[in-house]
Amino acid sequence: MKILQSNVQSFRKNKDEISRVLSRDNYDVAILSETWYKPEEEATRVYNLSGYHKVLHSRADGYGGIGIYIRNHYNYQQLQIRNQSDLIQVAAVKILRTNTVIAGIYVAPSITTSDFEADIHAILMQLSMYPRVIFGGDVNCHQIAWGDDRSDPKGTLLMDLINGSSLLLLNTGDKTFVPCEAGRRSTAIDISSCTAGLFGDFHWRVIPETIGGSEHQLIEISEKVEDKNTRYFVNQKRINKDIAELTCEDVRNIEDLKNKIHLSYQKNRKKSKHTPKVWWNESVEEAWNNKMEAVRKFNANSTMENAILVRRTRAVFLRRKKEGIQKQIEDLASSIDPQTSSAVIWDKIGRITGKKINRRVNNPVQEDMQMAEKFFDIHFGKTDVDIEAPISYGPLCQYNLMDREKWDRILARKNDKSAPSNDRITYGMLKQLKPDVTNMVIRQINDMFIAGALTYSLKEIKVVAIPKHGKDQSTVEGKRPISLIPTITKVTNSAVLGKIQSHLYKNNSLPKLSFGFRKNVSTTTCLNFVVDSIKQNKREGLITATVFIDLSNAYNSVKTDILEGIMYRFKFPHEVVTWVVSFMKNRKVTMQVGNRTVSRMVSNGLPQGDVMSPTLFNVYTSELHDLTNGEVTLVQFADDFSIIVTGKSVEEVRNKTQEALDMFLEQTQRLNFEINPIKTKIVLFHGGNRTFDIKLNGVTVETVKSHKYLGLIIDRFLSFGEQTRTVRRNIDERLKMLKVVSSVRHGGHPQTMNMLFTALIRNYVEYGCSIINNASKTNKQTLQVAINSCLRKVTGCSKTTPLNTLLAIAAQVPNEIRSKYVTAKEVAKTIAHRNPVFEQLDDLDQHNIDPEKLSYTERIYLEHTPIYQDISPLLYVELTDTKVSINTSVGMKFKKENVNTKAMKQMVLCLLNGKYRNRTKIYTDASKNNNICGIGVYIEAGNRRLAWKLKHETSIMTAEIVAIYMAVKEALKADLRDVVILTDSLSSCMVLENSQYSEWRSNMINEILQACLDCNIVLQWIPSHIDLEGNDIADYLAKRGTERSSELEHQILLKDAFLYFQKLKEEETDKWYKDYALEKGQKYYAIQQSFPEKPWYYQKQLDNFETRTLNRIMAGHDYSKFWLHKMKIEDDPNCEICDVLETAEHVILHCVRYGQTRMQFSFDCKFNNLKDVLECKDVNILKEIVKFLQQIKYKL
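Those letters in the sequence shown? Residues 15 to 1210, per the numbering used here, in order.
Shown next, in the form of structure tokens:
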């Protein structure tokens, strides 16, 4: 272990120098005194160092202070060392790997001798409890014993106290404080000490260097025996190459594969090296070395000349450091273009900020064996070997679980870099395997599934302790386990999960109010259900209370035997139940604890990290929903439960709540769950400050005014003010991320910044917007204000830019309109999927409800009921081997444009007179004219010609499917069999074909496929416009359909509803933009008279500086003298030469001061005003304008 001790005189000012010293000399721990931390900033990132944990103790006035920094790969415990005086700061940590306490101290010079003695005595007494201690810092007192030329009372007291303790001084007598002024005396006011057992193991020396403006020398305390725990990284490309070259001769089974990958890891690992920030270039390094050399020179010869040299070299270093940072920011801004991916951008930001290495949270659980054992006791219990676990007695089924198609489909959905288990196999590696090796793995998986037993090596699970949000990370309670399951097991369990889910959907087994980890529902669906239920109760004059229940350690409390019984009651296939039980019982969980391993054999609990666990948890908890009745509703999302209770009076609600909670407690105890009464909360959605006297195991459950549920804060008035304020604060925090790569005048390309804005801000704001929009208009407006701040950073526009101009330049729809669009889509999905929120909306009385009493979701639904009612619902369909014949070629594969029309016609006629000669032929087509859709059906038998105008505007593909649907209906009505339906829509044929292999399909599509099966109807694609009579008639009928007065009632697909709302959003945005321009933003409106779908600079060959400058010019709000005067920055708005308003137009086109320069450019004398220049959108001219401004050094 290598320790740096230093007085730094402002951490914040010298942070980069500190980081460089730690990086250069590879220090494990730093004890920094006189850090000048500010107490209010301790919890922020201001005092972070990349690659290090921190423990700080600040002084109230922002001076003094002590900090200990520990390298990330050391886990530690923070120790509370108490003292009385505010003039002494002390911090201490216990390094768990070495069981060594590192303590640091700073003593202010002004402390009284009595306070000094009392505090130092108390500190040393507390440190005496630990056998291995290193203690050092700036004590601001003198003693001959540690190298001073004199002793003072405090120094003598300190020496006596050290002599009376178990500590020994490490100081060798060298001076630690060397002033950079001739005539001042060097002293040794920095001391280091350690316990006797460590004295022979550590070497102490003074390094003749300083940090920042401090005159304290650096002190190094280094262990004589180096720490053996070297960090490594692996060359993943070489490992992937080794894996891709494996053959069946190399690996005959899964165990061989694991061994080969292990050997490849060993062969391709290297020592990890930490590098300084990228702006620390050769020039900065040279200046820093010169500064350090000057300090060493002054230490050797303290002359005035050398003192001046120190100050000069320090100033040069600070200047070059500043220049280096500015250069990197500029390089970053210029290197980012619209094609740069987000991952690359964050990598570039990380290189500048020095945060490229991932921060590692303090994790003492994985360093201290005693803590690890306690952690395992809490979450897994003692070793639990089930001797009655199922073993293989022979084949349980006659089918294979996995085939190559399913294997590829599962892997395609997985992240290549997902964390592996102990065998180190990742999804990416499995994708690299040769086909014969993959087939071997699949064969073994099928053998295990048929036998009903998973091999023990494939259920050896690696456990990692990860942080619990908001908890003390130095305690066992601050961690929770995540299970890293062998990747081959996860792939297998994904296939088993498919069977579990198919069985559940087929039999409709799960309670409908169990929302977690199910298709077609989400956290937003669950939140909408809860909020709409409360709103509905309020409309009916009922009072509502909701109990938000916290289950302790829920997943790990699941009993395998109980789960097995429930699965059999659900009538799961025997082989599926056996596989689940085989996986769960007698699995080995292990966790690395320093150089040792803690392990348990576990037969209960669902591993958090396995794909089956969330669904199995839903199955396990299904009987809890028996609690639901007319006045009590249990809502579940994974292990988050809430009980909604309604009644006519507060007292009635209280009694029902207590009764429901008692019943829920009884049921959960049968399932081995434990409810945490402290974390369980009740919200009474009623005025006043009434509280409930509700008991849970004798403990009163707290009644609160608001509660965070599934990421949103729900308050008792459903005003969502607190949630809106939280979102606003988080937007402001995310705005800082944009500021890293953007400033008002210089920054990342606006097109790239738009991409970042969408990812960081817009997507965050839109989460739960269907619920948050129940907030007041004032609260919602604060979000738009915050978004506007972000968009100014994105575009480079000034603060005075009108809102409609700012949003049009960024091509970002106003938040209110966009929220309405997102909510409308959410409701459309609700209608299509027929989830519980659909039932709530479907029961609404559309005529007798005050709109003010409706939820936001309900208002959107009633506003667009006609479109919602016609959405074709999505159904779960059990797949069969019998499929409809859908042909997407006419016998030969060809590109239509490469084949002669007559040749194509001949191919189609061959089909009609050959393969389909005995079938009744029906031709279908669709047409679209000015957003009106028409369809035509021509039945050759009887020369029946049918045309309809569709009620809704749809995509042409959906219109073609409706035409096929009507053709099928007409065939059924006429009792026609052995029909071939001929369509020239290849996309509709492909949609119908793909739907045959999907368990979820639209009701309209399902009706088409079912009718085709029942009546032996075949679908055949034919090319259009080949002069085929039947197809031409259908085309004519479709066009006639658009002219019909009556409309056909029909279903639409979900994507057509999305298309409708997309069009509505565009229309509303354009109207808002134009209405706003009547008062403000008229300059930009003059050159952009409709709201754009894409920013004007999209894919234009303009760099970021050019684009930002032009954005301000186009907006008419720039940094010209005219606007600076309006912002009260300039006294006079007029041009000093021309005595007219100095606007951007005047400067660029008319000002005589710049006439000579202007003559060099092609735009000179061609335009009367800027509007004409900007309207032409000529990129070359726009570039010239920016170049002109640069040449005259005018910043707009």
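The beta carbon of each residue, even a glycine, is placed where N, CA and C say it ideally should be.
Range of the contiguous alpha helix (DSSP H) that encloses residue i
i: glutamate 419; result: 418-426
i: tryptophan 833; result: Rather than tryptophan, the amino acid found at residue 833 in this sequence is serine. Note, serine 833: alpha helix (DSSP H), 829-847.
i: alanine 433; result: Alanine 433 -> no alpha helix (DSSP H), and no H or E assigned at all.
i: threonine 647; result: Element bounds for threonine 647: not the alpha helix (DSSP H) but the beta strand (DSSP E), 646-651.
i: glycine 948; result: Taken as a continuous stretch (DSSP letters only), glycine 948 belongs to no alpha helix (DSSP H), being part of the beta strand (DSSP E) at 946-953.
i: lysine 916; result: 915-927
i: glutamine 1034; result: Counting along the chain, glutamine 1034 falls outside any alpha helix (DSSP H), though it belongs to the beta strand (DSSP E) covering 1032-1035.
i: glutamine 854; result: 850-856
i: tryptophan 1137; result: 1135-1140
i: tyrosine 1168; result: Element bounds for tyrosine 1168: n/a, residue is neither H nor E.
i: glycine 580; result: The identity of residue 580 in the sequence shown is isoleucine, whereas the question assumes glycine. Counting along the chain, the alpha helix (DSSP H) containing isoleucine 580 begins and ends at 574-583.
Span of the beta strand (DSSP E), counted from its first residue to its last, around residue i
i: aspartate 654; result: 654-661
i: threonine 938; result: 934-943
i: aspartate 564; result: 557-566
i: phenylalanine 191; result: Segment: none, phenylalanine 191 is in no beta strand (DSSP E) and carries neither H nor E.
Residue(s) in a DSSP beta bridge with residue i
i: proline 628; result: Partner(s): none; proline 628 has no beta bridge.
i: glycine 81; result: Leu46 and Leu70
i: glutamine 19; result: Ile45 and Ile233
i: aspartate 5; result: Absent from the structure is residue 5, since the part of the chain shown begins at 15 and ends at 1210.
i: leucine 710; result: Val713
i: valine 612; result: Met605
i: proline 481; result: Lys493
i: alanine 474; result: The amino acid at residue 474 is misidentified as alanine; the sequence shows glutamate. According to DSSP, glutamate 474 bridges with Lys602.
i: valine 104; result: Ile119
CA-to-CA distance, residue j to residue i, given in whole angstroms
i: glutamate 299; j: serine 33; result: 13 Å
i: proline 352; j: threonine 766; result: Note that proline 352 scores a pLDDT of 46, beneath 50, so its modelled location is shaky; the value from the coordinates is reported in the next line. Approximately 5 Å between the Cα atoms of the pair.
i: serine 1002; j: lysine 513; result: 29 Å
i: glutamate 665; j: histidine 847; result: 38 Å
i: serine 757; j: glycine 810; result: Reliability fails at serine 757, whose pLDDT of 49 lies under 50, so the model's placement of it is uncertain and the value that follows must be treated cautiously. Cα to Cα, serine 757 sits roughly 7 Å from glycine 810.
i: serine 47; j: valine 22; result: 6 Å
i: leucine 444; j: tyrosine 61; result: 42 Å
i: threonine 224; j: aspartate 129; result: 30 Å
i: arginine 739; j: isoleucine 657; result: 27 Å
i: arginine 84; j: valine 153; result: Checking the sequence, you will find isoleucine at residue 84 rather than arginine. Answer to the nearest angstrom: the Cα atoms are 22 Å apart.
i: serine 1059; j: lysine 963; result: 8 Å
i: serine 1134; j: cysteine 1165; result: 13 Å
i: isoleucine 137; j: isoleucine 45; result: 16 Å
i: glutamate 892; j: tyrosine 1011; result: 10 Å
i: glutamate 1198; j: phenylalanine 1177; result: 8 Å
i: valine 1193; j: tyrosine 1112; result: 12 Å
i: tyrosine 1208; j: asparagine 1118; result: 17 Å
i: alanine 314; j: asparagine 320; result: 10 Å
i: methionine 605; j: glutamine 280; result: 20 Å
i: asparagine 1213; j: glycine 466; result: Since the first and last residues shown for the chain are 15 and 1210, residue 1213 lies out of range.
Any non-hydrogen atom of the ligand FMN closer than 7 Å to residue i Cβ
i: phenylalanine 1175; result: Of the ligands one can find in the structure shown there are none, so the ligand FMN has no counterpart to examine.
Does the segment 512-524 touch the segment 824-833, meaning 3 or more C-beta pairs lie closer than 8 Å? no
Threshold first: 3 residues or longer. Then list the beta strand (DSSP E) segments lying entirely within the segment 114-169, N to C. 114-121 and 147-152
Closer than 8 Å is the cut-off here; do at least three beta carbon pairs connect the segment 1026-1038 with the segment 544-564? no
Can you confirm whether the segment 23-43 touches the segment 180-194 when touching is taken to mean that 3 or more C-beta pairs between the two stretches lie within less than 8 Å? In short, these stretches do not touch, since the Cβ pair count stays below three.
Where are the beta strand (DSSP E) runs, 3 residues long or more, that stay fully inside the segment 206-286, in chain order? 216-221, 232-237, 246-248 and 283-285
Would you check if the segment 442-457 and the segment 258-267 touch, i.e. whether three or more CB-CB distances between them fall below 8 Å? yes
Could you tell me which whole alpha helix (DSSP H) segments of length 4 or greater appear in the segment 732-790? Complete alpha helix (DSSP H) runs here, min 4: 735-755, 764-771, 777-780 and 783-786.
For the segment 969-978 against the segment 935-952, are there 3 or more C-beta pairs whose distance is under 8 Å? As far as the Cβ criterion goes, the segment 969-978 touches the segment 935-952, which means the pair count is three or higher.
For the segment 575-590 against the segment 714-731, do three or more pairs of beta-carbon atoms, one drawn from each stretch, fall closer than 8 Å, so that the two count as touching? no
Would you check if there are 3 or more beta carbon pairs closer than 8 Å linking the segment 489-498 to the segment 614-622? yes
Identify every run of the alpha helix (DSSP H) within the segment 1034-1112, keeping only runs that are complete inside it and at least 4 residues long; order them along the chain. 1043-1055, 1068-1090 and 1096-1101
For the segment 678-698 against the segment 530-547, do three or more pairs of beta-carbon atoms, one drawn from each stretch, fall closer than 8 Å, so that the two count as touching? As far as the Cβ criterion goes, the segment 678-698 does not touch the segment 530-547, which means the pair count is below three.
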